[in-house]
Amino acid sequence: MIYTVTLNPAIDKTAVISGFCAGTLNRIESLREDVGGKGINVSRCLLALGEKSTAAVILAGGAGRKCREYLEGAGISVLCEEVPGETRTNLKIADPVRGENTDINEPGPEVPEEVLARLRERIAEKLCPGDTVILSGSLPRGADKGLYAAWCARFSACGARVILDADGEALRLGLKEKPWLIKPNHEELAALAEVDAKDPAALLRAGEALRAAGVGRVVISRGGEGAIFLTEEGSFSADPLSVPVKSTVGAGDSMVAALAFAAERGLDPEATVRLAMAMGAASVMLPGTDAPDVECVHRLCGEVRMNLA
Ligand SMILES: Nc1ncnc2c1ncn2[C@@H]1O[C@H](COP(=O)(O)OP(=O)(O)OP(=O)(O)O)[C@@H](O)[C@H]1O
Ligand SMILES: [Mg+2]
Numbered sequence: 019m020i021y022t023v024t025l026n027p028a029i030d031k032t033a034v035i036s037g038f039c040a041g042t043l044n045r046i047e048s049l050r051e052d053v054g055g056k057g058i059n060v061s062r063c064l065l066a067l068g069e070k071s072t073a074a075v076i077l078a079g080g081a082g083r084k085c086r087e088y089l090e091g092a093g094i095s096v097l098c099e100e101v102p103g104e105t106r107t108n109l110k111i112a113d114p115v116r117g118e119n120t121d122i123n124e125p126g127p128e129v130p131e132e133v134l135a136r137l138r139e140r141i142a143e144k145l146c147p148g149d150t151v152i153l154s155g156s157l158p159r160g161a162d163k164g165l166y167a168a169w170c171a172r173f174s175a176c177g178a179r180v181i182l183d184a185d186g187e188a189l190r191l192g193l194k195e196k197p198w199l200i201k202p203n204h205e206e207l208a209a210l211a212e213v214d215a216k217d218p219a220a221l222l223r224a225g226e227a228l229r230a231a232g233v234g235r236v237v238i239s240r241g242g243e244g245a246i247f248l249t250e251e252g253s254f255s256a257d258p259l260s261v262p263v264k265s266t267v268g269a270g271d272s273m274v275a276a277l278a279f280a281a282e283r284g285l286d287p288e289a290t291v292r293l294a295m296a297m298g299a300a301s302v303m304l305p306g307t308d309a310p311d312v313e314c315v316h317r318l319c320g321e322v323r324m325n326l327a
């Protein structure tokens, strides 16, 4: 079973306003709502691949109820702790005329430490050796930056593979617990290792240093430049797939879903790289964080070009 963790989920409300202008009256042309948060995005992508997952989430108020209804309606099992307040609603203003996006994000509720500990233990109780847990996305307001590190240690001790997709301090601290896999993007890794994000050789060296320090696998996504995969079976670099781009938001989450799926199904390194690249590319072809189309993913798998890094 794959478990995703979303400690600060959100309802993403996207309003299309042509020629949006702050300080004046603006009229919304269309409005869509998506249930978001990086772990939930991963669960949605897994579902597209035909893989069921359990989403562990912290929910609050009416917006929290909406998230829960969405997840259950989609066929994603929910492991939930509730807190007072409201799950955040993030307003995204898309201006097709200027080609600009404006984000207005709520902070989300504060989550008491004992609630976080309760959710952690409820996940740990369910875990069987060989299960996969994905820790991704922002931490709740005020939460300890070492939370992912502590959860990684707890779940690894249960025999689970832990995939960590975090940045900044949460990533730096998390590395000490030697996650099974991390998936920083080039900027996140560059900030961590203090190297140039545009220098693939420096990124490769930084990834190798992390593996030498005990991280099992390092996948460095480089947006439209492709990705580098450092695994036990060797290091590979994959060229980007050339696809029409609608929205790059959540491309990394699609890639993480592919990596978790590949681990659960025991895919070999080449098939893993192909699926990860195809999922990332198929995701940018769709608006928002819509899950990739599986037929498109299968077609793109055959187009991936990879080399030994
Ligand atoms: N413009 C693009 N064209 C083709 N493939 C892309 C493009 N952008 C992203 N991808 C694919 O998706 C993968 C992940 O993208 P990216 O590096 O942007 O992740 P990310 O920054 O972690 O995204 P997020 O955190 O928003 O999910 C890339 O390695 C690549 O394979
Ligand atoms: Mg990312």
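For what it's worth, my numbering labels the leading residue of the sequence shown as 19, then goes sequentially.
Backbone N, C-alpha and C fix where the C-beta goes; we use that ideal spot for every residue, glycine too.
- CYS39 counts as exposed, since fewer than 16 other beta carbons sit within 10 angstroms of its beta carbon.
- Closest by C-alpha distance to ARG62, out of TYR88, ALA78, PRO218, GLY80, is TYR88.
- The beta carbon of GLY270 sits closer than 7 Å to at least one heavy atom of ligand 2.
- DSSP, reduced to helix, strand and coil, places VAL180 within a strand of the structure shown.
- Counting C-beta pairs closer than 8 Å gives fewer than three between the segment 114-123 and the segment 67-80, which falls short of the contact rule.
- Ranked by how close their Cα comes to the Cα of PRO305, the residues TYR166, ALA245, ALA73, VAL267 have VAL267 in first place.
- For ASP286, the number of other beta carbons within 10 angstroms of its own is below 16, and it is reported as exposed.
- Beta-bridge pairing by DSSP links TYR21 to THR72, VAL151.
- The beta carbon of VAL237 is closer than 6 Å to those of LYS201, PHE247 in its chain, skipping five residues each way along the sequence.
- In this structure, the C-beta of THR266 approaches ligand 1 to less than 7 Å from one of its heavy atoms.
- Three or more beta-carbon pairs separated by less than 8 Å are not found between the segment 47-63 and the segment 127-147, which leaves the two stretches without contact.
- Sequence-distant partners of ALA208 (beyond 5 residues in either direction) whose C-beta falls short of 6 Å from its own C-beta, in its chain, are ALA215.
- Taking 4 residues as the shortest admissible run, the segment 204-242 contains the following complete alpha helix (DSSP H) segments, listed from N- to C-terminal end: 204-211, 218-230.
- For CYS85, the enclosing alpha helix (DSSP H) has its first and last residue at 79-92.
- DSSP, read as helix, strand or coil, puts ASP308 in coil.
- DSSP, read as helix, strand or coil, puts ARG159 in strand.
- For ASP30, the secondary structure class from DSSP, reduced to helix, strand or coil, is strand.
- For GLY164, there is no enclosing beta strand (DSSP E), as DSSP marks it with neither H nor E.
- Distance check between GLU195 and each of GLU226, GLU206, GLU124, ILE181 places ILE181 closest, using alpha-carbon atoms only.
- For ARG83, the Cβ stays outside the 7 Å cut-off from all heavy atoms of ligand 1.
- By the beta-carbon neighbour count (other beta carbons within 10 angstroms, threshold 16), GLU132 is exposed.
- Of the residues assessed, THR42 falls on the exposed side of the cut-off, its CB having fewer than 16 other CB atoms within 10 angstroms.
- By a beta-carbon distance limit of 8 Å, ARG159 contacts GLU128. Their separation comes to about 5 Å.
- For the pair VAL322 and LEU277, the CB atoms are not nearer than the 8 Å cut-off.
- Exclusion of the five residues before and after GLU124 leaves ARG106, THR107, ASN108 as the residues of its chain whose Cβ lies within less than 7 Å of its Cβ.
- When the alpha-carbon of ASP52 is set against those of LYS110, ALA289, LEU228, the nearest one is in LYS110.
- The bridge partners DSSP lists for ILE122 are LEU109.
- Scanning its chain for C-beta atoms nearer than 7 Å, with the 5 sequence neighbours on each side dropped, one finds around ARG50 the residues THR32, in chain order.
- Distances between the C-beta of ASN59 and the heavy atoms of ligand 2 are all 7 Å or more.
- CA-to-CA, the gap between ASP308 and SER272 works out to about 10 Å.
- The beta carbon of GLY54 sits no closer than 7 Å to any heavy atom of ligand 1.
- Pairing ALA294 with VAL261 gives a Cβ-Cβ distance that is not under 8 Å.
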